[in-house]
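Residue numbers (my numbering): -6 to 330.
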């Protein structure tokens, strides 16, 4: 997907393949593919939806509008943060001054799949979702979120990538202002990135660097455009410049990642071995923080050949001995003694 976006952005195919490899090698991506989380699927589906919206703006038909709506609904069902896609048409119309779209039936039919599927499901599960929300107003949350995501962006991409990406976007914006027009594809992708960032800054969902993954492909494409396509020459020269530059920036990214602090839990492997030595199965109550509970569960699971029919059950103290919501609010003891 990243390679295809790079190619559509005017980067030669050889360099586009490198950008596709780059997103896979990025430490931010590497961490997410090791976890059973929805962020990778969210990234793919949201980028597909943004691309389909660009197709719709190029030729607004009912089929293209509904296709965007279906993929947008799928994305929202994957994760609620995909509601940022609802802002993409608004920003795109404003930036391109495509007021004619508002007069077309296909434009108003586009959100129908979302209204019929994702919206009802979101409303039905609102109580569950709110358990992960922080009790903060937008005004108190925004400064904290801004500070966190600035630092998380620096840790995830590095200063060179961020500056080059900003240069790439700035160069595109300057060309847009000079020409008075822009590609619907570029506007759609930029609108998605802006909408997602605004959502993260204003919605008190908590802080996590993995939330940056959906914009990572666009950041890398912008980096290549900013660093290596500002000079004139043949495509071969540009490709070689890109290869050299990507190798340099990749090295900087890896060095930047090596400064991150690792979370280390020790002693749980020994405890799992002791449990298996003592008995062939049973229930184990583990009283610890979330990391400790997860560590013992994982260590015991990795030592079992058949986890489905496991004779062992791990009972988490934080869930069994007390009741609370997802982030610990409403804490109440479950037992008197």
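Heads up, the beta-carbon is just placed ideally off N, CA and C, and yes, glycines get one too.
Selection 269, 134 and 318 evaluated against residue 298 yields 269 as nearest (Cα-Cα). Beta-bridge partners of residue 309 (DSSP): 279. Residue 169 and residue 26 have their C-alpha atoms roughly 36 Å apart. The DSSP-derived three-state label of residue 201 is coil. If you draw a straight line from the Cα of residue 272 to the Cα of residue 36, it is about 45 Å long. For residue 183, the closest alpha carbon among the candidates 158, 203 and 104 is that of 158. Here residue 146 is actually not in contact with residue 98; their C-beta atoms are around 41 Å apart, not less than 8 Å.
Restricting attention to alpha helix (DSSP H) runs no shorter than 4 residues, the stretch 137 to 199 encloses them at 152 to 172 and 177 to 195, ordered along the chain. If you look at residue 265, you'll find it in the alpha helix (DSSP H) that goes 261 to 271. One alpha carbon belongs to residue -2, the other to residue 295, and they sit about 39 Å apart. Distance between residue 208 and residue 47, taken at the CA atoms: about 17 Å. The residues -5, 12, 15 and 16, in chain order, have a CB closer than 7 Å to that of residue 213 in the same chain once the five nearest residues on each side in sequence are set aside. Scanning 289, 56, 310 and 49 for the CA closest to the CA of residue 262 turns up 289. Between residue 30 and residue 203 a beta carbon distance of about 7 Å is seen, short of the 8 Å cut, so the two are scored as contacting. The shortest CA-to-CA distance from residue 177 to any of 8, 314, 91 and 6 is the one to 91. Scanning its chain for C-beta atoms nearer than 8 Å, with the 5 sequence neighbours on each side dropped, one finds around residue 313 the residues 278 and 327, in chain order. In this structure the stretch 39 to 58 touches the stretch 66 to 79; the number of beta carbon pairs closer than 8 Å is three or more. In the DSSP annotation of this structure, residue 328 is not part of any alpha helix (DSSP H), being labelled neither H nor E.
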